[in-house]
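Everything below concerns the one structure shown next.
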Amino acid sequence: MRPSDTPPASTTELANALRALAMDAVEAAKSGHPGMPMGMAEIAVALWTRHLRHNPANPRWANRDRFVVSNGHGSMLLYALLHLTGYDLSMDELRRFRQLHSKTPGHPEYGVTPGVETTTGPLGQGLANAVGMAIAERLLAEHFNRPGFPVVDHYTYVFLGDGCMMEGVSHEACSLAGTLGLGKLIALYDDNGISIDSEKAHIGNWYTDDVPKRFAAYGWHVIAGVDGHDVDAVDRAIRRAKRQKDRPSLICCKTVIAKGAPRKAGTGAAHGAPLGAEEVAATREAIGWPHPPFFVPEHIYAGWDARAAGARREARWQRLFAAYEEAHPELAADFRRRMAGELPLDFAERVEHMVAECVAKAETAATRKASQNALEYLKPALPELLGGSADLTGSNLTMVRSSRPIGRRGVGNYLYYGVREFGMCAVMNGIALHGGFIPYGGTFLVFSDYARSAVRMAALMRLRVVYVFTHDSIGLGEDGPTHQPVEHAASLRLIPNLSVWRPCDTVESAIAWGEALARRDGPTALLFSRQSVPFVPRSPAAVAEIRRGGYVLAEADGNAPRLVLIATGSEVALALAAREQLAREGVPARVVSLPCPYAFDRQEAAYRERVLPPGVPRLAVEAGVGDYWRKYVGAQGAVLGLDRFGESAPAAELFRHFGFTPENLVRIARSLVS
410 MRPSDTPPAS
420 TTELANALRA
430 LAMDAVEAAK
440 SGHPGMPMGM
450 AEIAVALWTR
460 HLRHNPANPR
470 WANRDRFVVS
480 NGHGSMLLYA
490 LLHLTGYDLS
500 MDELRRFRQL
510 HSKTPGHPEY
520 GVTPGVETTT
530 GPLGQGLANA
540 VGMAIAERLL
550 AEHFNRPGFP
560 VVDHYTYVFL
570 GDGCMMEGVS
580 HEACSLAGTL
590 GLGKLIALYD
600 DNGISIDSEK
610 AHIGNWYTDD
620 VPKRFAAYGW
630 HVIAGVDGHD
640 VDAVDRAIRR
650 AKRQKDRPSL
660 ICCKTVIAKG
670 APRKAGTGAA
680 HGAPLGAEEV
690 AATREAIGWP
700 HPPFFVPEHI
710 YAGWDARAAG
720 ARREARWQRL
730 FAAYEEAHPE
740 LAADFRRRMA
750 GELPLDFAER
760 VEHMVAECVA
770 KAETAATRKA
780 SQNALEYLKP
790 ALPELLGGSA
800 DLTGSNLTMV
810 RSSRPIGRRG
820 VGNYLYYGVR
830 EFGMCAVMNG
840 IALHGGFIPY
850 GGTFLVFSDY
860 ARSAVRMAAL
870 MRLRVVYVFT
880 HDSIGLGEDG
890 PTHQPVEHAA
900 SLRLIPNLSV
910 WRPCDTVESA
920 IAWGEALARR
930 DGPTALLFSR
940 QSVPFVPRSP
950 AAVAEIRRGG
960 YVLAEADGNA
970 PRLVLIATGS
980 EVALALAARE
990 QLAREGVPAR
1000 VVSLPCPYAF
1010 DRQEAAYRER
1020 VLPPGVPRLA
1030 VEAGVGDYWR
1040 KYVGAQGAVL
1050 GLDRFGESAP
1060 AAELFRHFGF
1070 TPENLVRIAR
1080 SLVS
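If you're matching positions, the sequence shown starts at 410 in this note's numbering and goes up one per residue.
As structure tokens, this is what we get:
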């Protein structure tokens, strides 16, 4: 508590505390970005002391406002805010800014620092995440709220800068946000006219957009010309934005980067480097901050402290929810389950039943159709499944009978994302981060390139999102090499913590969906074929082992195998045909289906060696680049792959042209066992 004879902290003192902590931490680390935190300090004061509803003691409170720093290089602003308002982030952690195993990494990281809502740094993606959070809030409110019980009622706020504006993902996500009319999304734009190259030249050489007109064209409510260093002006702008119920709001705040630094304020030199000891000392004098590094007076702590107010806000909500639970027990139970990320108790049983039906039906079908069949079965029992596609719904087969399109109004569970692959995946990350949904979104596998950075961020944050990537090989045919993925499956498998499945038939497709939805520690990419593939008969034991990612699909007849054929997806049928021909030639061969290397590599060594016995030659086949499979076949093995781009022709003709035939596979096999 502040001494009784000390006046309350002024807004200037509150802002200068942020400036001081930012420049001190960056100076101590000899690394970082002091300019943005110093320039957005008053904006942060206005939002965090007058509007943001949160509880530092419970960063996961379901009805908290979400706050995203999309210009994540300014992470010290967020860390200073979290520390000062009472989160579990000590001053020692601020001193350890950008050091190994600290809670204050160079850019905000979800799951590392309490109160950080999303990992940001790749510019523009935090803004797109915020769009996803606002979508999730609106859909949950429409589904769960009842008269007198607004149990879901919060805002999503996002800070962003010129770099976020320039990145194309901001166009994709903000265009969608305007179309959907996300009235509880409020973005505060740090319009300081500086980006990294501004140290050498003026930003006008590469960025002259009329931002207010751009966002007005998206359908946003735009408040332009706000003095970002006037706390009251920013406060008034936020209040105006909150009165807009059917449009997201952009508040354009004119600021000076590194405000308060006598020589470096307003220059590119303040963007991404420490101010230097001399400039830090001069800044302290200029802003009237006589305190030593990493010191904040008690009355300023008291001015920032949000713990008591946060506890009161959450307590009021808890009382509201208790009454809601009494009036609507089933809805309340489902809300708790969904926000906890738990699947229905009968989920595993449903998956087993679905798989059993696939085995019984023994259908020949494209795996994209098998995927749709799985969704038809699972989606009605999983209200948290929020689907969509990047303008390829009819090709990805991501919509089912229980899907309801989402528009500006009305409850739905399916988003038409438009031709916005990157935006779709970044928005899905925000939906997953908010909680209450498992998002899935579809596009062609070749266009995973557009989305890759957002996929990587989902893997980094360990989010439960599902990508439906169809048209998974040259098997898509006549659209040609621009649409035929060659390197994409392999490149996705290289992303740490991304589980990639390429099923061979309806059974593997159903199990892949079950595993993707059950997984809570990361995203899953499901790679499905355009063309039909045959149903593969297999033993019950083999069905049970599909979940392991790789398993013995067909054993060598009567003898120990002299060769192991490894295949995925549509090439499994090719391996099975080659096995039969080799058997006629007296060469016993085992076929291993390896739909998910990520899962297989995490099995115990004994199982992996049982499936791929040491000392037995291995031949892998996949209609994509071959280098990925070298780790499985070894130096003495071989790979039948596709290390060039495809051609435009019917699928069957392309497979023959590129040597994906049983005869060619047998020819390679003979060379290995001779």
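Glycine residues also receive a C-beta, built at the ideal position from the N, C-alpha and C atoms.
Compute the beta-carbon to beta-carbon distance between residue i and residue j, rounded to the nearest angstrom, for a pair I have assumed lies under 8 Å.
i     : j     : result
G677  : E608  : 3 Å
G839  : N538  : 4 Å
S812  : G796  : 6 Å
T852  : L801  : 6 Å
F558  : Y733  : 4 Å
P997  : A965  : 3 Å
V1048 : W1038 : 5 Å
N425  : D562  : The pair is not a contact, with the Cβ atoms about 34 Å apart (cut-off 8 Å).
M542  : R475  : 5 Å
Would residue i be called buried (16 or more neighbouring beta carbons within 10 Å of its own) or exposed?
i    : result
P814 : exposed
P894 : buried
D599 : buried
T856 : It is worth fixing the name first, because residue 856 is Phe in this sequence and not Thr. Classification of F856: buried, given that the 10 Å Cβ count is 16 or more.
D930 : exposed
R721 : exposed
E534 : A quick correction: the sequence has Gln, not Glu, at residue 534. It is buried - the Cβ of Q534 has at least 16 other Cβ atoms within 10 Å.
G995 : exposed
A969 : exposed
H611 : exposed
M410 : In this prediction, M410 scores a pLDDT of 42, lower than 50, which makes its location untrustworthy; no coordinate-derived value is stated.
P699 : exposed
Residues in its own chain within less than 7 Å of residue i by CB, not counting five upstream and five downstream?
i     : result
I920  : V764, I955 and R956
P514  : R507 and V521
P848  : L795, M837, I840, A841 and V874
H552  : V820
A582  : L536, A537, V540, G832, A835 and V836
G845  : A545, L549, R747, M748 and E793
V1020 : G959, Y960, V961 and V1001
R829  : E581, L585 and A799
Among residues of its own chain, excluding the 5 on either side of residue i, which ones have a beta-carbon nearer than 6 Å to its beta-carbon?
i     : result
V1000 : L962, A963, L974, A984, L985 and R988
F1064 : none
G923  : V760
T415  : H708
From residue i to residue j, what does the alpha carbon distance come to, in whole angstroms?
i     : j     : result
S604  : S479  : 14 Å
V945  : H580  : 45 Å
A466  : G685  : 35 Å
G388  : L991  : Shown here, the chain extends from 410 to 1083; a query on residue 388 therefore has no answer.
R1079 : G1068 : 15 Å
A550  : E422  : 38 Å
A741  : G628  : 34 Å
H1066 : Y566  : 54 Å
R747  : A695  : 51 Å
A715  : V635  : 26 Å
V952  : A625  : 54 Å
G669  : A867  : 37 Å
N614  : H630  : 28 Å
T879  : Q653  : 39 Å
A457  : G719  : Rather than Ala, the amino acid found at residue 457 in this sequence is Trp. Taking the straight line joining both Cα atoms gives about 11 Å.
A863  : L869  : 10 Å
V916  : A771  : 9 Å
V809  : N906  : 29 Å
C1005 : G967  : 28 Å
L926  : R728  : 32 Å
R971  : V1082 : 7 Å
Just curious, the beta strand (DSSP E) that residue i is in, first and last residue?
i     : result
A366  : Shown here, the chain extends from 410 to 1083; a query on residue 366 therefore has no answer.
P848  : I847 to F853
V478  : R475 to V478
H630  : H630 to D636
G541  : Taken as a continuous stretch (DSSP letters only), G541 belongs to no beta strand (DSSP E), being part of the alpha helix (DSSP H) at Q534 to F553.
S798  : L794 to S798
V1048 : A1047 to L1049
I595  : L594 to D600
For residue i, report the span of its alpha helix (DSSP H) as first-last.
i    : result
K778 : T776 to L787
L872 : From DSSP, L872 is part of no alpha helix (DSSP H); its letter is neither H nor E.
Within its chain, find whatever has a CB closer than 8 Å to the CB of residue i; leave out the 5 residues flanking it on each side and keep chain order.
i     : result
Y616  : D571, M574, M575 and S604
L427  : P446, M447, A450, A453, V454, L486, A489, L490 and L493
Y940  : The displayed chain sequence assigns Gln, not Tyr, to residue 940. Answer for Q940: A775, G884, L885, G886, S979 and A1060, listed in chain order.
G1055 : I883, G889, P890, Q893, V895, L1063 and F1067
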